[in-house]
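Visitor: Residue numbering for the sequence shown follows the working numbering, starting at 141 and increasing by one per position. Take a look at this one; I'll ask things after.
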Amino acid sequence: MSDQEKLPLSLFGLSAEQITDALHLNKKFQGKQIFEWLVKGALSFEEMTNLSKSLREDLSAKMPSTASSKVIETQVDDHATKLAVELYDGNVIECVLLTDKNDRKTACLSSQVGCAMGCKFCRTATMGMIRNLSAEEIIEQYVHLTKLGPITHIVFMGMGEPMNNMEKVLRAIHYFHAENTYNISLRRITISTCGIVPGINKLAETGLPIKLAISLVSADNPTRSHVMPVNDAYGLDKLRRALLHYQNKGGKRFTLEYCMLSGVNVDEKAANKLASFTQNLDAVVNLIPWNPAAELPWTTPTTQEMNKFCAFLDDFNVKYTRRYTKGRDINGACGQLATKSISDYELYNDVNDDTE
Ligand code: SF4
Numbered sequence: 141m142s143d144q145e146k147l148p149l150s151l152f153g154l155s156a157e158q159i160t161d162a163l164h165l166n167k168k169f170q171g172k173q174i175f176e177w178l179v180k181g182a183l184s185f186e187e188m189t190n191l192s193k194s195l196r197e198d199l200s201a202k203m204p205s206t207a208s209s210k211v212i213e214t215q216v217d218d219h220a221t222k223l224a225v226e227l228y229d230g231n232v233i234e235c236v237l238l239t240d241k242n243d244r245k246t247a248c249l250s251s252q253v254g255c256a257m258g259c260k261f262c263r264t265a266t267m268g269m270i271r272n273l274s275a276e277e278i279i280e281q282y283v284h285l286t287k288l289g290p291i292t293h294i295v296f297m298g299m300g301e302p303m304n305n306m307e308k309v310l311r312a313i314h315y316f317h318a319e320n321t322y323n324i325s326l327r328r329i330t331i332s333t334c335g336i337v338p339g340i341n342k343l344a345e346t347g348l349p350i351k352l353a354i355s356l357v358s359a360d361n362p363t364r365s366h367v368m369p370v371n372d373a374y375g376l377d378k379l380r381r382a383l384l385h386y387q388n389k390g391g392k393r394f395t396l397e398y399c400m401l402s403g404v405n406v407d408e409k410a411a412n413k414l415a416s417f418t419q420n421l422d423a424v425v426n427l428i429p430w431n432p433a434a435e436l437p438w439t440t441p442t443t444q445e446m447n448k449f450c451a452f453l454d455d456f457n458v459k460y461t462r463r464y465t466k467g468r469d470i471n472g473a474c475g476q477l478a479t480k481s482i483s484d485y486e487l488y489n490d491v492n493d494d495t496e
């Protein structure tokens, strides 16, 4: 086997010691130097000017890029920049940097290529499940986004169900959180799930103060099962128990994403059920009008319908926040990145702000 075949696809996510071993370096400090350059976002050895010229040339010849992926398209809007990232095997994923009114910069990352969960309001679902991302591929999205500016928050709300790739997602989170990398507070990291109960329980058991967002869409079992097949496996009772468990384990307030679909989940009965579901939960409902997609069969509620639904929620004392801008949200769940236009995005919701 040649040296080249033995090299890893990516150096991101490796420790200094692992880099020393992976690149067969003679001196440990070289691994540390390379590690530090990677944290600064170096995608080639040529950028690593404190390495000797001969070492840079040698390593570049063996490994032209330190990353396994590359950005192939960038779409820019006022508040968001979306990157299409090509992986080593030709698959393409997307990630977004969102900027809010307080100038917080949130990286919205993907965890899978496609998704198996089949939520019927989600564009990624139409791709089916292709594969999980490695931790390196998750970290590389962040690295590509850092080229656009410093990042303050992370949400796993891109393509895929993060809890179906939990080990890699947690590995990437530990990397983002490490003091010698980006030192991002765990409270500034949100995992969004369609409601994978074992994943919520596992996250609760870790004791990590990572934030949680659940794509609820409906608090009525038949309606939710119709829109989200995951509900057949983990119905609302099981989901609610898992959320209470998460809460009791010291989890912080979580978000219930509620994608509003006209004629489906915006009447008084739906509001009443939502009120029952949220009882004793330290949760805020994030109301997001459906963002139209030609290939999907839903309709955005009218402003009047939305106002009425909010009035019902007020009557039932449900805590909620509301987006007014149609067509510019992440759409309240993971998976909304398989879209065609940057105009489908806006900053992630205020309820996931942290106070730090
Ligand atoms: S909303 Fe999330 S979990 Fe559901 S299909 Fe889309 S990517 Fe998968």
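Ideal Cβ placement from N, Cα and C applies to all residues, glycine included.
Kindly indicate which residue of S325, T333, W438 and G289 has the alpha-carbon position closest to the one of F296.
Guide: If you number the sequence shown from 1, residue 296 lands on position 156. The option with the nearest alpha carbon to F296 is T333.
Visitor: Counting only the same chain and skipping the five closest in sequence on each side, list residues whose C-beta sits under 7 Å from that of G472.
Guide: Here residue 472 corresponds to residue number 332 of the sequence shown, with the count starting at 1. Because the pLDDT at G472 is just 37, under 50, the model does not fix this residue reliably, and the value given afterwards should be weighed accordingly. So the list reads S355, E397, Y398, C399, N426 and I428, once near-sequence residues are dropped.
Visitor: State buried or exposed for E280, treating a residue as buried only when at least 16 other CB atoms are found within 10 Å of its CB.
Guide: The residue given as residue 280 occupies position 140 in the sequence shown. Buried: at least 16 other Cβ atoms inside 10 Å.
Visitor: Using the C-alpha atoms, what's the distance from Q173 back to R468?
Guide: For this step, residue 468 is matched to residue 328 along the sequence shown. For this step, residue 173 is matched to residue 33 along the sequence shown. Unreliable placement is indicated for R468, whose pLDDT of 45 sits below 50; the coordinate value is still reported in the next sentence. Approximately 42 Å between the Cα atoms of the pair.
Visitor: Span of the beta strand (DSSP E) holding S250?
Guide: Along the sequence shown, one-based indexing puts residue 250 at 110. Careful: S250 lies outside any beta strand (DSSP E) and carries neither H nor E.
Visitor: With a 10 Å radius around its C-beta and 16 neighbouring C-beta atoms as the bar for buried, classify D377 as buried or exposed.
Guide: Residue mapping note: residue 377 aligns to position 237 of the sequence shown, counting from 1. It is exposed - the Cβ of D377 has fewer than 16 other Cβ atoms within 10 Å.
Visitor: With a threshold of 7 Å (Cβ to nearest heavy atom), would C259 be considered close to the ligand SF4?
Guide: As a first step, residue 259 must be located in the sequence shown, where it is residue number 119. Correct: C259 has its Cβ closer than 7 Å to the ligand SF4.
Visitor: Exposed or buried, what is T206 when buried is set at 16 or more other beta-carbons lying within 10 Å of its beta-carbon?
Guide: The count along the sequence shown starts at 1 and reaches residue 206 at position 66. Answer is buried; the Cβ neighbour count reaches 16.
Visitor: What are the uninterrupted segments assigned as alpha helix (DSSP H) that are 4 or more residues long and contained completely in the stretch 365-426, given in chain order?
Guide: If we require 4 residues or more, the alpha helix (DSSP H) runs fully inside the stretch 365-426 come out as 370-373, 376-388 and 408-418.
Visitor: Output needed for D372: all residues of its chain with C-beta closer than 8 Å, excluding positions within five of it in sequence on either side, in chain order.
Guide: Position 232 of the sequence shown, counted from the start, is the residue given in the question as residue 372. Result list for D372: S365, in chain order.
Visitor: Short of 6 Å in beta carbon distance, which residues of its chain neighbour Y282, apart from the five on each side in sequence? Order them along the chain.
Guide: Residue numbering aside, residue 282 sits at position 142 when the sequence shown is read from its first letter. Closer than 6 Å at the Cβ level, and outside the excluded window around Y282, lie A247.
Visitor: Please report the distance separating the alpha-carbon of V357 from that of N405.
Guide: As a first step, residue 357 must be located in the sequence shown, where it is residue number 217. As a first step, residue 405 must be located in the sequence shown, where it is residue number 265. The alpha-carbon atoms of V357 and N405 are separated by roughly 7 Å.
Visitor: Apart from the five residues just before and just after T239, which ones in its own chain have a Cβ nearer than 6 Å to its Cβ?
Guide: As a working note, residue 239 is residue 99 in the sequence shown. If we look at T239 and ignore the five residues flanking it on each side, its Cβ neighbours are H219 and K245.
Visitor: Who are the Cβ neighbours of T330 in its own chain at under 6 Å, not counting the five residues just before and after it?
Guide: Locating residue 330 in the sequence shown gives position 190, counting from the first residue. Counting only Cβ-Cβ distances below 6 Å, and skipping sequence neighbours, we find V295, K351, A353 and N492.
Visitor: Buried or exposed for A156, going by 16 or more other Cβ atoms inside 10 Å?
Guide: Numbered from its first residue, the sequence shown carries residue 156 at position 16. Looking at its Cβ environment, which holds 16 or more other Cβ atoms inside 10 Å, A156 is buried.
Visitor: For the stretch 157-236, which segments carrying the beta strand (DSSP E) assignment without a break, of at least 3 residues, lie completely within its bounds, in sequence order?
Guide: Whole beta strand (DSSP E) segments, 3+ residues: 210-216 and 220-226.
Visitor: Could you check which residue in K287, L288, A312 and M299 has the C-alpha nearest to that of G268?
Guide: Taking the sequence shown and counting its residues from 1, one reaches residue 268 at position 128. The residue with the shortest Cα to Cα distance from G268 is M299.
Visitor: Within 7 Å: the Cβ of A373 and any heavy atom of the ligand SF4?
Guide: In the sequence shown, residue 373 corresponds to position 233, counting from 1. Incorrect: A373 has no Cβ contact closer than 7 Å to the ligand SF4.
Visitor: Should T160 go down as buried or exposed, given a rule of 16 or more other Cβ atoms within 10 Å for buried?
Guide: Position 20 of the sequence shown holds residue 160. Classification for T160: buried.
Visitor: Between the Cα of E408 and the Cα atoms of F449, L384 and I336, which residue gives the shortest distance?
Guide: Numbered from 1 along the sequence shown, position 268 holds the residue referred to as residue 408. Nearest C-alpha to E408: F449.
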